[in-house]
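What follows is a single structure, written as structure tokens, with notes after it.
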Amino acid sequence: MTAALERPRPAGGPAVARDIGRLVVACTDGPGIVARVSAFLHRRGANIVQSDQFSTGPVGGRFFLRTEFHLPGLRAALPELDRAFADEVAPALGGTFHLRDASPTTRVALFVSRYDHCLLDLLWRARRGELPISVVQVVSNHPDLEADVAAFGVPFAHIPVTRATKGDAEQRELDLLAGRVDLVVLARYMQVLSGDFLARVGVPVINIHHSFLPAFAGAGPYERARQRGVKLIGATAHYATEDLDEGPIIEQDVVRVSHRAGVADLTRAGADIERAVLARAVRWHCEDRVLVDGRTTVVF
4 MTAALERPRP AGGPAVARDI GRLVVACTDG PGIVARVSAF LHRRGANIVQ SDQFSTGPVG
64 GRFFLRTEFH LPGLRAALPE LDRAFADEVA PALGGTFHLR DASPTTRVAL FVSRYDHCLL
124 DLLWRARRGE LPISVVQVVS NHPDLEADVA AFGVPFAHIP VTRATKGDAE QRELDLLAGR
184 VDLVVLARYM QVLSGDFLAR VGVPVINIHH SFLPAFAGAG PYERARQRGV KLIGATAHYA
244 TEDLDEGPII EQDVVRVSHR AGVADLTRAG ADIERAVLAR AVRWHCEDRV LVDGRTTVVF
């Protein structure tokens, strides 16, 4: 058994080996949690190859565990393994767990408006196998990027959105995605998704925005940032919630700039950091490294 203590791996790396499973547990902390999980896996012939854990406090705190294990014939054994863990271990833990085969890629829909840098970066990384995802659909409220998406062989749906048609547009999006996706990524989609959409889509939604928000919300953030003499350009990836840009944060990063940088320089730096941050957030989510705890996250 080995423990991974480093930060989550950056985008890129080898494909997941066959017969590798992942078990994620969240519960109230207390003695014996790791022992119960390890013993359960050992009894069924599994070998733990990586394990990460975190506790918010030894008495009454929240405990989080992410374990990768190797088990020959995992795919066929998984339904019984899941049932047995629910019966034998989960009741004593009193929390939640998620157990799955790590090898299938995550089916992703990308939402975008006109800015193409995050969209094309994710499509490129997916094509190169640098992200464990399959992009099954691109949705946009503008037609501008249809040809770019077609070059990757991914379906493109143009669904215009206005204030008057927002409800109908979101229903079209829900119908299009139903049963087809495991994750929605807002790759600079300049529309606010309604609470109804988020409740009904049935999968997590990840958003990316520049870290000037909320101080420089709205149009022209880089122009106003330069006027204020900013020294750091940043980006934040988070889960989307009904409260705009208030969802649990997955990843953030910054790059330093100087007074010499013009608006074009700031914009370019912002696009670079948004691409990197969003790719890391998507990868970590798909690798079950992100555990949500209320309004915050634990990222292994």
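Using the numbering used here, the first residue of the sequence shown is number 4, and each one after it goes up by one.
Where a beta carbon is used, it is the ideal one built from N, C-alpha and C, also for glycine.
What do you reckon, are the CB atoms on residue 29 and residue 67 nearer than 8 Å? Numbered from 1 along the sequence shown, position 26 holds the residue referred to as residue 29. Numbered from 1 along the sequence shown, position 64 holds the residue referred to as residue 67. Yes. Within cutoff.
Excluding the 5 residues flanking residue 139 on each side, which residues of the same chain have their C-beta closer than 8 Å to its C-beta? Indexing the sequence shown from 1 puts residue 139 at position 136. Within the same chain, residue 139 has close Cβ partners 110, 111, 112, 157, 158, 183 and 184.
Identified DSSP bridge partners for residue 30: In the sequence shown, counting from the first residue as 1, residue 30 sits at position 27. According to DSSP, which records beta bridges pairwise, residue 30 is partnered with 66.
Please state whether DSSP places residue 160 in a helix, a strand or coil. As a working note, residue 160 is residue 157 in the sequence shown. DSSP places residue 160 in strand when its eight states are reduced to three.
Using 10 angstroms around the beta-carbon of residue 10, count the other beta-carbons present and answer buried if the total reaches 16, otherwise exposed. In the sequence shown, the residue the question calls residue 10 occupies position 7. Residue placement at residue 10 cannot be trusted, given a pLDDT of 45 that sits under 50; the coordinates are not used to answer.
Residues that DSSP places opposite residue 59 in a beta bridge: To locate residue 59, count along the sequence shown from 1; it is residue 56. BP columns for residue 59 are empty, so no partner.
Alpha carbon to alpha carbon, what distance is there between residue 26 and residue 85? Along the sequence shown, one-based indexing puts residue 85 at 82. Along the sequence shown, one-based indexing puts residue 26 at 23. About 10 Å.
Please go through the same chain and pick out, in chain order, the residues whose beta-carbon is closer than 7 Å to the beta-carbon of residue 51, but skip the five residues on each side of it. By 1-based counting over the sequence shown, the position of residue 51 is 48. Once the five neighbours on either side are set aside, the close Cβ partners of residue 51 are 4, 41, 44, 70 and 72.
If you drop the 5 nearest sequence neighbours on each side, which residues of the same chain put their C-beta closer than 6 Å to that of residue 152? Along the sequence shown, one-based indexing puts residue 152 at 149. Counting only Cβ-Cβ distances below 6 Å, and skipping sequence neighbours, we find 141 and 159.
Is residue 167 buried or exposed, if buried means 16 or more other CB atoms sit within 10 Å of its CB? For the purposes of this step, residue 167 is identified with residue 164 of the sequence shown, where counting begins at 1. When all chains shown are included, residue 167 counts as exposed.
Taking only three categories from DSSP, how would you classify residue 101? Taking the sequence shown and counting its residues from 1, one reaches residue 101 at position 98. Strand, per DSSP.
Using the Cα positions of residue 176 and residue 62, report the straight-line distance between them to the nearest angstrom. Taking the sequence shown and counting its residues from 1, the one referred to as residue 176 is at position 173. Taking the sequence shown and counting its residues from 1, the one referred to as residue 62 is at position 59. C-alpha separation (whole angstroms): 45 Å.
Under the three-state reduction of DSSP, which class applies to residue 72: helix, strand or coil? Counted from its first residue, the sequence shown places residue 72 at position 69. Residue state, collapsed to three classes: strand.
Close Cβ partners of residue 206 (< 7 Å) along its chain, the five nearest in sequence each way excluded: Residue 206 sits at position 203 when you count from the first residue of the sequence shown. Result list for residue 206: 184, 185, 186 and 187, in chain order.
With 16 other CB atoms within 10 Å as the buried threshold, where does residue 202 fall? By one-based count along the sequence shown, residue 202 stands at place 199. By the 10 Å Cβ count, residue 202 comes out exposed.
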